[in-house]
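Colleague: Sequence lines, in order, name chains A and B. Mapping of the first sequence onto the working numbering: position 227 corresponds to residue 227, and the numbering continues sequentially without gaps. Mapping of the second sequence onto the working numbering: position 162 corresponds to residue 162, and the numbering continues sequentially without gaps. Ideal Cβ positions, reconstructed from N, Cα and C, are used throughout, including at glycine. Since the structure is predicted, the reported quantities are computational estimates derived from the model, not experimental observations.
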Amino acid sequence: MNPLDHIPEEIRLTAARCRHYAMCKIDYLDTGLCPPAKKTPYVGYFPQGRMDLCDALAKGLIPVTEAAVDIISSCTLCGSCDRQCHFVTGMRPMPVMQALKAFLSDFQKKGKKVAVIAEDKPLKTLKGIVGEKWATNDPAHLIAYANDPFPLAERQMPGYVVLPGNADELVEIVRYADRSHIPIVARGNGGSVFGFVFTRGIVIDVNRMKKIQLDPDNWSAVIEPGVTSFELQKAVTQQGYRVNTAEPAATVCANIVCTGLFSTWANAYGVGADHIVDMTFVDRHGTVFRINDKNAPNVFGFEQAVLPSPGICTEARVRMHPVTDDEEGILVPFTSLADALFFARDISRRRIGLAVGILGGHYLSTFISPTESLAEKTRDIFSGILEMTHVVSVIGDKYARNSIKQMVPCVIESNTLKMLMLGLPRLAGSGWTDIVTGLESDRPAYEAVFSEEMLPLLEQVLAPSPETLAAAVDEELRKFYTKLYSRPHMTDMVWLAMFRIVSARMSRHKHMFAFLIYVPLDRVDVIHDLIASFADIAETHTIDHDLGFITPIDFGKRGILEYDYYIDHTDSRESEKIQQAMKDIEPMIDKLSAATKGVKFLKYIFSQGCARKENFLYT
Amino acid sequence: MNGGHIRATIGDISGKRQSKSTRILLTGATGFLGIHLAQLFIKKGYTLFILARPMDECSPEERVYKLLDWLDPDWNQSRVHIVSGDLNCSDIGLCPADYHQLASSVDEIIHCASDTSFSERKRPQIEKANVENLHHLLDFAANSRCCFFHFISTAYVAGKRRGSCPEALVETQTFFNVYEETKYRAEKTAAKRCREEGMRLNIYRPSIVYGNSCTGKTLRFNAMYYPVKMLVFLKNLYHKNTEEQTSDGAEKMGISFAPDGTAHMPIRIEAAASRGINVIPVDFFTAAFFAIMESAIDGDVFHITNDKITPVSEIINYTQRYFHIKGIQAVRPEDFPSESRNSLEILFGRYTQIYRPYMKDERIFDNGKATAILKATGISCPVFDYRIFSTCMQYAEAANWGNPA
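(1) Over the uninterrupted alpha helix (DSSP H) stretch that includes R284(A), give me the two end residues.
(2) Are there three or more Cβ pairs, one per stretch, closer than 8 Å when the segment 60-77 of chain B is compared with the segment 99-119 of chain B?
(3) What residues from chain A crowd round L87(B), counting only those whose CB sits closer than 7 Å?
(4) Does M393(B) have its Cβ less than 8 Å from a Cβ in chain C?
(5) According to DSSP, is A250(A) part of a helix, a strand, or is it coil?
(6) So, is the C-beta of S336(A) closer than 8 Å to a C-beta in chain B?
(7) Between Y210(B) and V279(B), is the Cβ-Cβ spacing less than 8 Å?
(8) Going by other Cβ atoms of all chains shown within 10 Å of its Cβ, with 16 needed for buried, is G3(B) buried or exposed?
(9) Does the beta carbon of N212(B) sit closer than 8 Å to a beta carbon anywhere in chain A?
(10) Within 8 Å of any Cβ in chain A, is that where the Cβ of E120(B) sits?
(11) Counting beta carbon pairs with one atom in the segment 111-121 of chain A and one in the segment 56-65 of chain A, are three or more of them shorter than 8 Å?
(12) Does any CB atom of chain B fall closer than 8 Å to the CB of V461(A)?
(13) Name the chain A residues whose beta carbon is nearer than 8 Å to that of L347(B)?
(14) Counting only C-beta atoms, is K252(B) closer than 8 Å to chain A at any point?
(15) Thinking V282(B) and F32(B) are a contact (beta carbons under 8 Å), I'd like their distance in whole angstroms, please.
(16) Are G249(B) and P456(A) closer than 8 Å when you measure CB to CB?
(17) Nearest by alpha-carbon distance to C392(B): which of E181(B), V170(B), G216(B) and A272(B) is it?
(18) Could you give the C-beta distance for I212(A) and A186(A), rounded to a whole number, given that I count them as a contact under 8 Å?
(19) Out of K479(A), G32(A) and M51(A), state which residue places its alpha-carbon closest to the alpha-carbon of I11(A).
(20) Does I560(A) pass the burial test, meaning 16 or more other C-beta atoms within 10 Å, or should it be called exposed?
(21) Who are the neighbours of M359(B) on chain A, taking C-beta pairs under 9 Å?
(22) Since V394(A) and G353(A) should fall inside the 8 Å C-beta cutoff, what is the C-beta to C-beta distance between them, to a whole number of angstroms?
(23) Quick one: grab the DSSP three-state call for H181(A).
(24) Tell me which residues share the same chain as T433(A) and place their Cβ nearer than 7 Å to its Cβ, disregarding the 5 neighbours each side in the sequence.
(25) Does H100(B) come out as helix, strand or coil in the three-state DSSP assignment?
(26) Just the C-alpha distance for V197(A) and E387(A), rounded to the nearest angstrom, thanks.
(27) Does the count of Cβ pairs from the segment 175-184 of chain A and the segment 83-101 of chain A closer than 8 Å reach three?
(28) Can you look up D293(A) in the DSSP assignment and give me helix, strand or coil?
(29) Put G548(A) into one of helix, strand or coil per three-state DSSP.
(30) If we define contact as Cβ-Cβ less than 8 Å, is G31(B) a contact residue for chain A?
(31) Measure from the C-beta of A22(A) to each C-beta in chain B and report whether the shortest distance is under 8 Å.
(32) How about the segment 213-225 of chain A and the segment 305-324 of chain A: do they share at least three Cβ pairs that are nearer than 8 Å?
(33) Just to confirm, are H141(A) and G60(A) a CB contact at a threshold of 8 Å?
(34) Could you please give me the residues that DSSP links to C313(A) through a beta bridge?
(35) When you compare only the Cα positions, how much space is there between S274(B) and R123(B)?
(36) Would you kindly check if the distance between the Cβ of V171(A) and the Cβ of W134(A) is under 8 Å?
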């Protein structure tokens, strides 16, 4: 490798585009984790941290320190990051890793001096609590906790990062910080995207606290705060259970506390307090309490205000749910949102299906496409040619699926979806779309295309196979994708809905800025107006935008709606746009919320995620 | 058919036309028939105002010029005026000044704009385009100097009639699709309004129009082309997959390939034994339109149709011969019970469902009035034989059935 006396700008730009989704911190593709990070789980050792380090060194924000040397030297150039990152973002971090090595090589060759960061008293105290290895003030580590793609937050370098190994150490850190008046924030998996986890003081990274203990007799799992959704789901699935989890890289405890944890499974498993049996917190003064204690602070209530969290969760007992062996996914296509809404609400109130979500064209095409360009083509075909503007995705047992088939004229069953996924690169080819375009039926084109007797033709057109799918990616990744998609779970709707590994693809195009609002599901007019307002504001500020998803909650009485704005977080002009748009959005939602029962902006639920859903859905 | 105060005498109209001083407003020039008429009138030296709207970031000029270039690279721009407007608007998309200026410039109007979709689901859009927008244009005509309104309709306004369909405005109740129905309603609307306003009205009713009989040139590959395209698509798809051995799909469908590549595709197609499809080439349509327009100055209804209908079995034979396919046959509906259909037949039937009424058509279009004029001018409709079929298919293949590669 040729030494580099500086990091090239195109490499820096690649590094700066890291979305901080932390998918490189979970082994979601069975590629194995970045080897050094597995041993020492500071964010800095993960590809995400290495990207931040590259950006910071290129900009001269930090010197080459001992930790920087160690982080860069420890990279084995194994290529796992390339495969993991490409799967969700389409990005290839390997050139960044190679450039870092070349940069360090030049630095060392020229005999330049490595900066040594002196230890101060707080660091010594923190090391005394957690051990020498697990506290640092080295900027090469701190930089990985200093910013995220949230466009409205400034970079803020913490003073220290500390990784407690257990609840006692965590409590001791909080008490020390309180005594010393040093601000603290807790960081889950480092997958921050909302700008809430920055401090000049101490960042407590809980990534070493990953214990999971199942308690099948009580249908619950006891977890430490560093356990991610992916890890918990994997652990409970192996024993034949399911938990409701959110984004796979997000830590479960933080997700519950922050948002009340919602997903399409919220239709069956609820939100907020529905997920938990008990939780233990340490408050900002170091007092430990269990929420089930009668004298504990009341975390189940809700107040329409932006409030701090009850503290740092040190342990949670979350609910596990039963699974039947006949569960499968089914997609129900629609030509309009209104029809999709009616259907989703209808099956929710009839208690049909477990996970239910209305997906817009962008969501579905992005989820199933291995590349951004294919996602765009797929979206155009789904909505423009197949007339499938929205789908309702349902996971259900055979009774649920049979009911659904009696309710609608057309469904896309799991085998058909599998066929679509594995044959997607050929969807636009072969002149087939032209044939479908000429289908002047009185029914939507998707009904003809996905009807049972037409499926043999679709199979011929798509020639579905892992090899066909892999043809859509860069040549050097095809072998990997072929192997990956040879695994049945990669095209299994139930597995994908439970582990949600494709949801991060939503940010492949640009960083996604998600707005979440609880809505009254029977008020189609309100939902339409809300969506139209989001669209209008986005258009006014020339921001890319689309409906994300809507999931029914509580027998279809309420729903949660996600509307997404997309921005290039590395472009300051885009940040300015979103800043201006926020000035229109917040009053719009506040006004709607004040006038309409059931409309609640997630902004106010943030940090009140343990609240009973009844306290914010029906007040 | 005209009543009331006729705006112009036959002599006025003839005189103007002979001196080529008639100024014509044409709508629908970005469509298949419209652009051919535009080309013809340009060639004949008429002053033409073409009303068109911008679309997909293309200006009206770009849209029309591109099509005229496609038809004839040497066309003469000197007497063509592109007017950016929109029939969806009650003022046809013009500001008052432009509206007034155009109204004072126009002697005759040829209304070719139409939505040719058949789908019931698209009813609002089709009604808007074919009926409501016609009102907008007729309002404009009423406010203008227009003395002659030429309306391009369809022979299929006859609806679900069997047997003879007169070359006149007749009452019909039922239709095979919303296109037929809206064109029928549009005829009634045009007739009433033209009568009230003293404008002469010619209604031209072509049957199914295909490409140029000499060159095969066409813009769209729907109607007669679609079922053929579907068969060719199926043949190519299964042939490719068989060659690549990616699946046993062909075998499951009963499709096999001879060593010379000839496909055996067991498909029965429902068709009336005694009747067939009435198709005319676009070059005949334009020539017939012009001749009728020149001759029929009093205003009337004309069928521009083919005296010789083409049996479905003949088109099947042409298709099999040209594309090296065997096994396709036309059968009577009574010999084709749905429970006897194989997978390929179900598949083909589903995709060509919308054209089924036209494959077993029992309508016979009287065309005595049109024929009298055409005979006098030496114009006749060519029989749709294998030579013309192969010319059309050669063009379709070269144009990749309308899809840029």
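Modeller: Per the coordinate set shown:
(1) Looking up residue 284(A) in the first sequence gives position 284. Counting along the chain, R284(A) falls outside any alpha helix (DSSP H), and DSSP gives it neither H nor E.
(2) no
(3) In the second sequence, counting from the first residue as 1, residue 87(B) sits at position 87. Neighbours of L87(B) on chain A: none; closest Cβ ~22 Å, over 7 Å.
(4) Considering every chain present, this structure includes no chain C. Its protein chains are A and B.
(5) Looking up residue 250(A) in the first sequence gives position 250. In the three-state scheme derived from DSSP, where H, G and I count as helix and E and B as strand, A250(A) is classed as coil.
(6) Working through the first sequence from its first residue, we reach residue 336(A) at position 336. It does not: the Cβ of S336(A) has no partner Cβ on chain B nearer than 8 Å.
(7) Here the question's residue 210(B) lines up with position 210 in the second sequence. Here the question's residue 279(B) lines up with position 279 in the second sequence. Going by C-beta atoms, Y210(B) is nearer than 8 Å to V279(B).
(8) The count along the second sequence starts at 1 and reaches residue 3(B) at position 3. Note on G3(B): pLDDT 48, under 50, position unreliable in the model; the coordinate value appears next. G3(B) should be labelled exposed.
(9) By one-based count along the second sequence, residue 212(B) stands at place 212. Closer than 8 Å: no.
(10) Stepping through the second sequence from its first residue, residue 120(B) is reached at position 120. Output row for E120(B): interface = yes.
(11) With the cut-off at 8 Å, the segment 56-65 of chain A and the segment 111-121 of chain A touch.
(12) Taking the first residue of the first sequence as 1, we reach residue 461(A) at position 461. Output row for V461(A): interface = yes.
(13) Here residue 347(B) is taken as the residue at index 347 of the second sequence, counted from 1. Under the 8 Å cutoff, chain A gives E453, M454, P456 and L457.
(14) Residue numbering aside, residue 252(B) sits at position 252 when the second sequence is read from its first letter. True, the Cβ-Cβ gap to chain A drops below 8 Å.
(15) To locate residue 282(B), count along the second sequence from 1; it is residue 282. To locate residue 32(B), count along the second sequence from 1; it is residue 32. 7 Å between Cβ atoms; contact.
(16) What you label residue 249(B) is simply residue 249 of the second sequence in a count that begins at 1. What you label residue 456(A) is simply residue 456 of the first sequence in a count that begins at 1. Contact: yes.
(17) Your numbering for residue 392(B) matches position 392 in the second sequence. Nearest of E181(B), V170(B), G216(B) and A272(B) to C392(B), Cα basis: G216(B).
(18) Looking up residue 212(A) in the first sequence gives position 212. Looking up residue 186(A) in the first sequence gives position 186. Actually they do not touch by this definition, with Cβ atoms about 19 Å apart.
(19) Locating residue 11(A) in the first sequence gives position 11, counting from the first residue. Of K479(A), G32(A) and M51(A), the residue nearest in Cα terms is M51(A).
(20) What you label residue 560(A) is simply residue 560 of the first sequence in a count that begins at 1. Its Cβ being crowded by 16 or more others within 10 Å, I560(A) is buried.
(21) Taking the first residue of the second sequence as 1, we reach residue 359(B) at position 359. Here the premise fails: no neighbours, minimum Cβ distance about 14 Å.
(22) Taking the first residue of the first sequence as 1, we reach residue 394(A) at position 394. Taking the first residue of the first sequence as 1, we reach residue 353(A) at position 353. That belief holds up - the Cβ atoms of V394(A) and G353(A) are roughly 4 Å apart, short of 8 Å.
(23) Residue numbering aside, residue 181(A) sits at position 181 when the first sequence is read from its first letter. Correct three-state label for H181(A): coil.
(24) Reading the first sequence from its first residue, position 433 is the one you call residue 433(A). Within the same chain, T433(A) has close Cβ partners I381 and I385.
(25) If you number the second sequence from 1, residue 100(B) lands on position 100. H100(B) falls in the helix class under three-state DSSP.
(26) As a first step, residue 197(A) must be located in the first sequence, where it is residue number 197. As a first step, residue 387(A) must be located in the first sequence, where it is residue number 387. Near 43 Å, if we compare the C-alpha coordinates of E387(A) and V197(A).
(27) no
(28) Start at 1 with the first residue of the first sequence, and residue 293(A) comes out as number 293. Here D293(A) sits in coil by DSSP.
(29) Taking the first residue of the first sequence as position 1, residue 548(A) is located at position 548. In this structure, G548(A) counts as strand in the three-state DSSP scheme.
(30) Residue mapping note: residue 31(B) aligns to position 31 of the second sequence, counting from 1. Answer no: the Cβ-Cβ gap between G31(B) and chain A never drops below 8 Å.
(31) Residue mapping note: residue 22(A) aligns to position 22 of the first sequence, counting from 1. No, its Cβ sits nowhere closer than 8 Å to a Cβ of chain B.
(32) In short, these stretches touch, since the Cβ pair count reaches three.
(33) Residue numbering aside, residue 141(A) sits at position 141 when the first sequence is read from its first letter. Residue numbering aside, residue 60(A) sits at position 60 when the first sequence is read from its first letter. Not a contact, by the Cβ cut-off of 8 Å.
(34) The residue you call residue 313(A) lines up with position 313 of the first sequence. In DSSP, C313(A) forms a bridge with F281(A).
(35) Taking the second sequence and counting its residues from 1, one reaches residue 274(B) at position 274. Taking the second sequence and counting its residues from 1, one reaches residue 123(B) at position 123. Straight-line Cα distance between these residues: approximately 32 Å.
(36) Numbered from its first residue, the first sequence carries residue 134(A) at position 134. Numbered from its first residue, the first sequence carries residue 171(A) at position 171. The answer is no: Cβ separation not under 8 Å.
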